[in-house]
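Taking it in order: structure first as C-alpha cells, then the write-up.
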Amino acid sequence: MARKSKLSTNWVIRFVPNDVSRFIFHIIASSSSSSIEGGGTLGILRISHVCSSWRSIADNAPELWTNVVLAYRNGVGAFQDVEFLSLVLTKSRNMPLTMEMTTKGRPIFKTSKDVKALELFLRTTHRAKILKLDIDILHALFCFFDLRRLDETHSSNKSRLQVEPGLLLEKLEIHAGYPVDGEIGRDYDFCKLFCPAPSIGTLALYGSGDDFVGLDHITWLEDERIPFEQITSLELTCPIGSEALYDLLSLTTSLQSVFLNYVIAVDDTVYGPVELEELHTISLGGPSYSVTNFEPLSMMMGLESISSPALTTLRLSFIGKWSSKSFQNFLSISPTQIKNLYFDIVGAGDKNRICCLAMLPSLRTLDLTSHAARTINCDFVKAYPLGGEFISAMREWNDTQGQFALCPLLEKLTIDYDTLADTTGNVFADMIEDRWRRSAAGEKGGFELVIKRAEHLGDDPQEMIRLLFLKKAGLNLTIEPVTWLEKLFRRGIPSS
Numbered sequence: 071m072a073r074k075s076k077l078s079t080n081w082v083i084r085f086v087p088n089d090v091s092r093f094i095f096h097i098i099a100s101s102s103s104s105s106i107e108g109g110g111t112l113g114i115l116r117i118s119h120v121c122s123s124w125r126s127i128a129d130n131a132p133e134l135w136t137n138v139v140l141a142y143r144n145g146v147g148a149f150q151d152v153e154f155l156s157l158v159l160t161k162s163r164n165m166p167l168t169m170e171m172t173t174k175g176r177p178i179f180k181t182s183k184d185v186k187a188l189e190l191f192l193r194t195t196h197r198a199k200i201l202k203l204d205i206d207i208l209h210a211l212f213c214f215f216d217l218r219r220l221d222e223t224h225s226s227n228k229s230r231l232q233v234e235p236g237l238l239l240e241k242l243e244i245h246a247g248y249p250v251d252g253e254i255g256r257d258y259d260f261c262k263l264f265c266p267a268p269s270i271g272t273l274a275l276y277g278s279g280d281d282f283v284g285l286d287h288i289t290w291l292e293d294e295r296i297p298f299e300q301i302t303s304l305e306l307t308c309p310i311g312s313e314a315l316y317d318l319l320s321l322t323t324s325l326q327s328v329f330l331n332y333v334i335a336v337d338d339t340v341y342g343p344v345e346l347e348e349l350h351t352i353s354l355g356g357p358s359y360s361v362t363n364f365e366p367l368s369m370m371m372g373l374e375s376i377s378s379p380a381l382t383t384l385r386l387s388f389i390g391k392w393s394s395k396s397f398q399n400f401l402s403i404s405p406t407q408i409k410n411l412y413f414d415i416v417g418a419g420d421k422n423r424i425c426c427l428a429m430l431p432s433l434r435t436l437d438l439t440s441h442a443a444r445t446i447n448c449d450f451v452k453a454y455p456l457g458g459e460f461i462s463a464m465r466e467w468n469d470t471q472g473q474f475a476l477c478p479l480l481e482k483l484t485i486d487y488d489t490l491a492d493t494t495g496n497v498f499a500d501m502i503e504d505r506w507r508r509s510a511a512g513e514k515g516g517f518e519l520v521i522k523r524a525e526h527l528g529d530d531p532q533e534m535i536r537l538l539f540l541k542k543a544g545l546n547l548t549i550e551p552v553t554w555l556e557k558l559f560r561r562g563i564p565s566s
C-alpha cells in the first residue's frame with residue numbers, strides 16, 4: 071500500500087521562500103490600503119505577529135511600511151497613537167514614502183497631545199514622494215498654534231512647526247476643504263515643504279461632498295510659494311470656480327496634462343482661454359453638477375478655458391450631457407490635431423458620438439468603453455448603447471475623397487461588447503471588416519480592434535462569432551477576457 075504523505079501544519083511557514091512570502095505580504099498590504107486600516111500597515115502588523123519567521127520577513131521588508139496614513143478619527147477626536155506612527159516610520163527605514171493626512175470633518179485641537187502625531191508626520195514629510203494634505207487639518211493646526219502663542223509660556227513657538235524641504239516630492243495632493251486665510255500658517259515656515267521641491271511635477275486638488283476649489287485656495291497656494299512653474303500634470307477631481315481655474319492655469323504654464331471636473335461660473339465675468347503651449351492631454355471626468363435643480367450644466371464648459379495647440383489626446387468620461395456648442399468653441403480657440411479620443415459621456419447617444427467624430431478627422435485611436443455609468447449604482451444612470459445609426463455612420467464611404475466619412479485615419483477602435491445595442495446580427499462586424507479591408511491601414515494589416523467585457527456575450531453572440539472568423543482571416547483583434555467561444559475557435563474551427 072502506498073504511503074500517504076501529509077504536510078505539517080507549519081510547512082508553509084517553514085519552507086516557502088522568503089521572496090514568495092514577501093510578495094504575498096505586498097498583496098495583503100495593497101488590499102487593505104485604506105485610511106481606516108492605516109494605509110495597509112495594520113494588516114502587515116498583524117501578519118508579523120503570526121510567527122517569528124513572518125515577523126523577520128516583515129521587519130526586513132521596509133517597502134511594506136511606506137504607505138503612511140494619518141487619519142483623524144472624528145468619533146474619538148484624535149489621531150492614532152504617535153507610537154504607532156513612529157513604529158511605521160521606523161520600519162520603513164529611509165525609503166521614500168507615500169504620506170496622507172485625512173479627516174471626515176473639521177478637527178479641533180485643544181492640547182499638545184492632540185497634535186503630537188501630526189507634528190511627527192510633518193517632520194517626516196521630507197521623505198515623501200507623494201504627499202496628501204488636508205486643508206481642514208492644517209487650518210486647525212495653525213489655529214491651535216496661534217492660540218498657544220498667546221500664552222506667555224509658549225512665546226517661542228513661532229518655529230514649532232519643523233518642516234524640511236521636500237527634496238523627494240513628486241506629487242502633491244491637497245484636499246480643498248475649509249477656505250484657508252492666507253495669513254494663517256505664514257509664521258510656521260510651512261512653505262519649506264515646497265521650497266525647494268526640485269522633483270515635483272504633479273499637483274492634485276480634490277474634495278468631497280460640496281467642496282470646491284475657490285480663488286482663496288489658489289491665493290493661499292501662491293502665498294505658500296508652491297512651485298507652479300514646475301507643475302506638468304494638474305488634477306482637479308472636484309469642481310472649481312471659473313476665476314480660480316483661470317488663475318491656476320495662468321500659473322501652471324508648463325502643463326502637459328490636465329484633469330478637469332465641473333467649472334462653476336462664480337460671476338458674470340467672462341475669462342478668456344489660457345494658452346498652454348505644451349499641453350498634450352486633457353481629461354474631463356466626474357459627475358456633472360447643477361446650479362439649479364432644473365438646469366444641469368455641461369461639464370464640457372471647462373474646455374472653453376483652455377487653448378492648447380499641442381493637444382493630441384482628449385478623454386471625456388463623465389455623467390452628464392454632451393454639448394456641441396462647447397466643443398465647437400473649444401476647437402475654434404484651440405486649433406489642434408487630436409489623435410486619441412476616449413468618449414464615455416453617459417448622456418450621449420449615437421447622434422452625439424457622430425457629431426463629435428465629425429469634428430475630429432485626425433483621429434487615430436478611438437476608445438468607446440463605458441466606465442462612468444458603472445461608478446454609480448443607479449438604475450436610471452445608464453450609458454446609451456452603440457446603435458445602428460452610429461455603426462452605419464462609421465461604415466459610410468466617401469467615393470469622392472476615397473476615404474471613410476468619419477475617422478478616415480482611424481487605426482484602433484476599443485469597445486465594450488455589452489454596449490452593442492444588437493449582437494444578433496453582423497452589423498458591427500460588417501463595419502469592422504470594411505474598415506479593415508478598405509482603409510489604408512487595413513491594407514497593411516494595421517487596423518486594430520479591442521473588445522472588452524467579452525464575458526457578457528448575451529443570448530446570441532452572433533457578432534462575436536463573425537469577428538472571430540475575421541480574426542482567423544487576419545484582423546488584429548484582441549478580446550478581453552478570453553471567452554469560451556474564442557477558446558473553441560482556437561481548437562481549429564476552419565475559417566469561412
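The opening residue of the sequence shown carries number 71 in the numbering used here; numbering runs sequentially from there.
Idealized CB from N, CA, C, for every residue including glycine.
Here's the rule: buried if 16 or more other CB atoms are within 10 angstroms of the residue's CB, otherwise exposed. What is residue i?
i: Phe85; result: exposed
i: Phe498; result: buried
i: Ser126; result: exposed
i: Cys308; result: buried
i: Asp486; result: buried
i: His119; result: exposed
i: Pro87; result: exposed
Excluding the 5 residues preceding and the 5 following residue i in the sequence, name in chain order all residues of the same chain whose CB lies nearer than 7 Å to its CB.
i: Cys425; result: Ser394
i: Asn363; result: Low local confidence applies: a pLDDT of 43 at Asn363 is under 50, so the model's placement there is unreliable, with the coordinate-based value given in what follows. Correct list: empty, nothing qualifies.
i: Tyr316; result: Tyr341, Val344, Ser375
i: Ile117; result: Phe95, Ile98, Trp124, Ala128
i: Leu211; result: Phe179, Val185, Leu188
Is residue i near residue j, with beta carbons less than 8 Å apart?
i: Phe382; j: Lys409; result: Note that residue 382 is Thr in the sequence shown here, rather than Phe. It is a contact, given that the beta carbons lie within the stated cut-off.
i: Leu306; j: Asn331; result: yes
i: Gly110; j: Asn144; result: no
i: Cys213; j: Pro235; result: no
i: Ala380; j: Glu347; result: yes
i: Ser432; j: Gln407; result: yes
i: Glu466; j: Leu479; result: no
i: Ala491; j: Leu456; result: yes
i: Leu349; j: Met369; result: no
i: Val152; j: Lys186; result: yes
i: Phe329; j: Leu373; result: no
i: Ser269; j: Leu239; result: yes
i: Leu159; j: Thr195; result: no
i: Leu430; j: Tyr412; result: no
i: Pro297; j: Ala267; result: yes
i: Gln324; j: Glu299; result: One point to set straight first is that residue 324 is Ser, not Gln, in the sequence displayed. Yes, the Cβ-Cβ distance between Ser324 and Glu299 is below 8 Å.
Determine the extent of the alpha helix (DSSP H) in which residue i is found, giving its start and end residues.
i: Ser462; result: 458-465
i: Arg116; result: 111-117
i: Glu170; result: It is not in any alpha helix (DSSP H) - Glu170 instead sits in the beta strand (DSSP E) that spans 167-173.
i: Val497; result: 497-508
i: Tyr316; result: 312-321
i: Arg423; result: 420-428
i: Arg163; result: Per DSSP, Arg163 belongs to no alpha helix (DSSP H) and is neither H nor E.
Using only CA atoms, which one of the options lies nearest to residue i?
i: Gly284; options: Gly311, Leu190, Glu153; result: Gly311
i: Met464; options: Asp500, Ala491, Glu525, Tyr487; result: Asp500
i: Arg505; options: Ile485, Phe474, Leu490, Tyr487; result: Phe474
i: Gly516; options: Gly544, Leu291, Ser375, Val138; result: Gly544
i: His209; options: Val333, Ser123, Met171, Arg197; result: Met171
i: Ser156; options: Lys180, Glu189, Trp124; result: Glu189
i: Lys391; options: Gly417, Gly372, Tyr412; result: Gly417
i: Glu133; options: His119, Ser162, Leu192; result: Ser162
i: Thr484; options: Ile301, Phe191, Asp414; result: Asp414
i: Thr302; options: His287, Leu321, Asp293; result: Leu321
i: Ser440; options: Gly419, Phe179, Leu427; result: Gly419
i: Leu538; options: Glu503, Ser269, Arg508; result: Glu503
i: Gln471; options: Ser509, Leu438, Val139, Lys262; result: Ser509
i: Thr489; options: Ala267, Leu384, Val90, Phe460; result: Phe460
i: Arg92; options: Asn130, Phe149, Ser122, Lys542; result: Asn130
Please list, in chain order, all residues of the same chain as residue i whose beta carbon is under 8 Å from its beta carbon, the five residues on each side excluded.
i: Gly495; result: Gln532, Glu533
i: Ser377; result: Pro343, Val344, Glu345, Leu346, Ile403, Ser404
i: Lys482; result: Arg434, Thr435, Leu436, Phe517, Glu518, Leu519, Val520
Which same chain residues, not among the five before or five after residue i, have their C-beta less than 6 Å away from its C-beta?
i: Asn546; result: Glu518
i: Ile200; result: Thr168, Lys241
i: Glu243; result: Lys202, Ala274
i: Leu192; result: Val233
i: Gly356; result: Asn331, Phe388
i: Met371; result: Val333, Ser396
Just reading off the beta strand (DSSP E) that residue i is part of, what are its end residues?
i: Ser303; result: 303-306
i: Asp204; result: 198-204
i: Arg444; result: Taken as a continuous stretch (DSSP letters only), Arg444 belongs to no beta strand (DSSP E), as it is neither H nor E.
i: His526; result: His526 -> no beta strand (DSSP E), and no H or E assigned at all.
Using 8 Å as the limit for Cβ to Cβ distance, is residue i near chain D?
i: Leu411; result: Any reference to chain D falls outside this structure, which holds one protein chain only.
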